[in-house]
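For the sequence shown, full-length UniProt numbering gives the first residue as 1, with consecutive numbering after it.
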Amino acid sequence: MTAVLPTIVTADIRRRRGQDPIAPHSHLGFAENFLNMCFGDVPDAAVVTAFEVSLILYAEHSFNASTFAARVVTSTLSDIYSAVTAAIGALKGPLHGGANEAVMHDMLEIGEPDRAEEWLLGKLAAKEKVMGFGHRVYKNGDSRVPTIKAALLDIAAATGGEKWMRMYDILEKTMAGATGIAPNLDFPTGPANYLTGFDVEMFTPMFVMSRITGWTAHIIEQGASNSSIRPLSEYSGVPQRSVVA
């Protein structure tokens, strides 16, 4: 699946653009092959390296929703394809895999760096959720962000994306000043994918393409020492009521 999924994703990317698919080349690496199959050539080395960094950082991240879904399905002795399908269904949700898409939609809505601070403060005043900030696990900042931000800087320099970096910095500083909340991995990944040339709606399929490695490892581990996963639930409905006889 690690080999097949990139071929499926790139074929769909080109289909959406009215282009014929490009076959993989054995002399190219994984990231180079994917980019060539998308765009018809291999971009600047800095862009290739940055994309590879993104794939590595997204490959595995412990017991998130999609990984848990895959393990639950595996625990029933279902097959790996069903487990991966369940994981993809969980990842499709905007609070999981769709977050970096939402980040880029927000940045496109803002449009210009000088609008970023006002836009963000308005969202916070309205108590609306701003994607790309905060994390359930990393309370003091996502440890993956510095690595992918460095990659984003390289992509911006190679593609003329300085405008998006200025917007990024303003949003990051404004959020820190207003709430103390730091970015998560999705915040730099959104503009990094966009500047590489990917359409926003393809960010989540690319996430799947990377995370399949982590899912597969969890599925194998779950199957090796399996017991059916059956969490207990706690009733939170109305309290006990009397019934007229």
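By construction, the Cβ of each residue, glycine as well, lies at the ideal position given by its N, Cα and C atoms.
Fair warning: this is a prediction, and the values are worked out from it, not measured in the lab.
Next item on the list: State buried or exposed for E118, treating a residue as buried only when at least 16 other CB atoms are found within 10 Å of its CB.
Entry: E118 is exposed by the Cβ-count criterion.
Next item on the list: Would you check if there are 3 or more beta carbon pairs closer than 8 Å linking the stretch 225-239 to the stretch 82-96?
Entry: No, the stretch 225-239 does not touch the stretch 82-96.
Checklist line | Whole-angstrom distance between Y235 and A45, CA atom to CA atom | finding: Straight-line spacing of the CA atoms in A45 and Y235 works out to 55 Å.
Note to self: Using C-beta distances below 7 Å, list every residue in its chain close to R144, excluding the 5 sequence neighbours before and after it, in chain order.
What the structure shows: Excluding sequence neighbours, R144 sits near L57, L185.
Next item on the list: Please specify which runs of the alpha helix (DSSP H), each continuous and at least 4 residues long, are wholly inside the stretch 170-207, giving them in chain order.
Entry: DSSP runs (the alpha helix (DSSP H)) wholly in the stretch 170-207: 186-196.
Note to self: Less than 8 Å between C-beta atoms, sequence neighbours within five positions excluded: which residues of the same chain meet that for H96?
What the structure shows: So the qualifying residues of the chain are N64, A65, S66, A90.
Check: If you draw a straight line from the alpha carbon of T179 to that of F39, how long is it in whole angstroms?
Finding: If you draw a straight line from the Cα of T179 to the Cα of F39, it is about 40 Å long.
Margin query: Do M104 and Y194 have their beta-carbon atoms positioned less than 7 Å apart in this structure?
Written below: M104 sits close to Y194, with the two beta carbons spaced by under 7 Å.
Check: Among G223, D106, M37, which residue has its Cα nearest to the Cα of T76?
Finding: For T76, the nearest C-alpha among the options comes from G223.
Check: What are the start and end residues of the alpha helix (DSSP H) that includes T76?
Finding: Unbroken run through T76: none, as it is neither H nor E.
Next item on the list: Give, in chain order, every unbroken run of the alpha helix (DSSP H) that is at least 4 residues long and sits entirely within the stretch 30-84.
Entry: Runs of the alpha helix (DSSP H) lying entirely within the stretch 30-84, each at least 4 residues long, are 30-39, 45-58, 65-75 in chain order.
Next item on the list: Would you give the residue range spanned by the alpha helix (DSSP H) that residue 270 belongs to?
Entry: Given a span of 1 to 245 for the chain in the structure shown, any question on residue 270 remains unanswerable.
Notebook entry, point to check: Going straight from the alpha carbon of A70 to that of A87, what length do you get?
Noted result: Rounded to whole angstroms, the separation of the alpha carbons of A87 and A70 is 5 Å.
Note to self: Taking the alpha carbon of L124 as the reference point, which residue from D114, A157, L171 has its own alpha carbon closest?
What the structure shows: Comparing Cα-Cα distances from L124 to each of D114, A157, L171, the minimum goes to L171.
Next item on the list: Please determine if the stretch 147-158 and the stretch 203-219 are in contact, where contact requires at least 3 C-beta pairs separated by less than 8 Å.
Entry: No, because fewer than three Cβ pairs between the stretch 147-158 and the stretch 203-219 fall closer than 8 Å, the two stretches do not touch.
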